DNA sequence: TGCAAACCATAAC
DNA sequence: GTTATGGTTTGCA
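Numbering (the numbering used here), first residue to last: 791 to 987.
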């Protein structure tokens, strides 16, 4: 039985699905209804769930993490995501995305080069990300550093990235099991979209 | 800039 | 099996 919770944190509604310390999905939106909908959309439909009011300890911790990420703070994310039911490639992309540090962005193509496949395939995984914003798909942008797309709306993607500025001035190569992931300072992106929001 | 073609894993049929 | 569909990229006019 999966437990589902919703919580309003500083004006934004978050939804969370978990069971036995494992996270099955997270989402956020401007209304409780929308957050719940997008969460349940990504949940395996054949698994029963119940919506609870008072959060478990695990739920409280996870809501805390969600808030931290949403506020652009550095959060240590060694979480227990229930990704085992996802296709292998999807899992690889998600894991690579989680390696992008706060303050940096990677392009769809750069992720693709690291894990295999093509840029559009990476975009597809992002579009279906059931763990936003814990899996920081907002840190994946186009090769020209403009934003690309975002499930929660581009304005939100922009706001998240703005809060993650850390003042880095050069890129970074991150060693993954599959290959190297090239990332760039988030400032590159903010500069590229200057004036658009 | 803008457009067309190549790209690649999924989901849907 | 096959097709349709993207949160893309690159090349070329």
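Even glycine gets a Cβ: it sits at the ideal position worked out from N, Cα and C. Remember, it's a predicted structure, so these values are computed and weren't measured experimentally.
Closest residue to residue i among the options (Cα-Cα distance)
{"i": "residue 828", "options": "845, 807, 812 and 811", "result": "807"}
{"i": "residue 935", "options": "849, 976, 912 and 854", "result": "976"}
{"i": "residue 948", "options": "899, 856, 982 and 854", "result": "982"}
{"i": "residue 811", "options": "802, 794 and 962", "result": "794"}
{"i": "residue 932", "options": "917, 899 and 908", "result": "899"}
{"i": "residue 910", "options": "952, 930, 851 and 971", "result": "930"}
{"i": "residue 984", "options": "831, 952, 972 and 971", "result": "952"}
Residue i burial status per 10 Å Cβ neighbour count (16 or more: buried)
{"i": "residue 991", "result": "What is shown of the chain runs 791 to 987, which leaves residue 991 out entirely."}
{"i": "residue 872", "result": "buried"}
{"i": "residue 882", "result": "buried"}
{"i": "residue 986", "result": "exposed"}
{"i": "residue 791", "result": "exposed"}
{"i": "residue 897", "result": "buried"}
{"i": "residue 959", "result": "exposed"}
{"i": "residue 993", "result": "The structure shown does not extend to residue 993, since the chain is modelled only from 791 through 987, so no value can be given for it."}
{"i": "residue 837", "result": "exposed"}
{"i": "residue 821", "result": "exposed"}
{"i": "residue 1032", "result": "With the chain running from 791 to 987 in the structure shown, residue 1032 is simply not present."}
{"i": "residue 917", "result": "exposed"}
{"i": "residue 989", "result": "Outside the shown range of the chain (791 to 987) lies residue 989, about which nothing can therefore be said."}
One or two residues paired with residue i in a DSSP bridge
{"i": "residue 970", "result": "965"}
{"i": "residue 819", "result": "803"}
{"i": "residue 909", "result": "Looking at the DSSP assignment, residue 909 forms no beta bridge with any residue, so it has no partner."}
{"i": "residue 811", "result": "Looking at the DSSP assignment, residue 811 forms no beta bridge with any residue, so it has no partner."}
{"i": "residue 796", "result": "805"}
{"i": "residue 871", "result": "813"}
{"i": "residue 975", "result": "894"}
Contact under 9 angstroms by Cβ, residue i with residue j
{"i": "residue 939", "j": "residue 919", "result": "no"}
{"i": "residue 950", "j": "residue 804", "result": "no"}
{"i": "residue 892", "j": "residue 864", "result": "yes"}
{"i": "residue 901", "j": "residue 880", "result": "no"}
{"i": "residue 818", "j": "residue 825", "result": "yes"}
{"i": "residue 815", "j": "residue 833", "result": "yes"}
{"i": "residue 884", "j": "residue 915", "result": "yes"}
{"i": "residue 912", "j": "residue 928", "result": "no"}
{"i": "residue 904", "j": "residue 968", "result": "yes"}
{"i": "residue 853", "j": "residue 813", "result": "no"}
{"i": "residue 937", "j": "residue 955", "result": "no"}
{"i": "residue 924", "j": "residue 869", "result": "yes"}
{"i": "residue 974", "j": "residue 966", "result": "no"}
Heavy atom of the ligand GDP within 8 angstroms of residue i beta-carbon
{"i": "residue 848", "result": "Questions concerning the ligand GDP fall outside what the structure shown contains, since it holds no ligand whatsoever."}
Hey, which unbroken runs of the beta strand (DSSP E) at 3 residues or more fall wholly within the stretch 913-965?
Taken in chain order, the complete beta strand (DSSP E) segments of 3 or more residues contained in the stretch 913-965 are 962-965.
Residue ranges of each alpha helix (DSSP H) run of no fewer than 4 residues wholly in the stretch 881-907, ordered along the chain?
The qualifying runs are 898-905.
Could you name each continuous alpha helix (DSSP H) segment of 4 residues or more that falls completely within the stretch 840-866, going from the start of the chain to the end?
Listed in chain order, they are 847-860.
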